[in-house]
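Mapping to my numbering: the sequence shown position 86 is 152, numbers consecutive.
A short worksheet on the structure shown next.
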Amino acid sequence: MTFDKITFFAYNKAMEKDLVDILCEISDRETMHKFLSEILTVAEKKDLILRWELLKQLARGKSQRSIAADLHISLCKITRGAKILKDPSSVCYQKLKQDKP
Numbered sequence: 067m068t069f070d071k072i073t074f075f076a077y078n079k080a081m082e083k084d085l086v087d088i089l090c091e092i093s094d095r096e097t098m099h100k101f102l103s104e105i106l107t108v109a110e111k112k113d114l115i116l117r118w119e120l121l122k123q124l125a126r127g128k129s130q131r132s133i134a135a136d137l138h139i140s141l142c143k144i145t146r147g148a149k150i151l152k153d154p155s156s157v158c159y160q161k162l163k164q165d166k167p
């Protein structure tokens, strides 16, 4: 099956919606953990966990260079996270801000 770019984009949006719907239906930690382990590779899980950790460290005020050294990641990945946290309307910003003591 071949898709032109517009059809493929619309198809991806439908697939994304389907995945988001499934994620929203899962309400307990054990089921979510199992689901993520089933659909993600170890490398994909590691990347997702690392992304969340760098966001948490940025929210705590840790320097980008320090995070890069501690987590052994590039400054480019951290810069993306920093941009997200500059937007008070971002979900990441709101979740990390509400979790602050």
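For glycine and all other residues, C-beta sits at the position ideal for the given N, C-alpha and C.
Counted within 10 angstroms of its Cβ, other Cβ atoms place residue i as buried (16 or more) or exposed
i      : result
Ile144 : buried
Leu121 : buried
Leu106 : exposed
Boundaries (first-last residue) of the alpha helix (DSSP H) holding residue i
i      : result
Arg26  : Since the first residue of the chain shown is 67 and the last is 167, residue 26 is not available in this structure.
Lys100 : Arg95 to Ile105
Lys143 : Leu141 to Leu151
Ser132 : Gln130 to Leu137
Contact check, residue i vs residue j, beta carbons under 7 angstroms
i      : j      : result
Gln130 : Leu141 : yes
Leu162 : Ala134 : no
Ile115 : Phe101 : no
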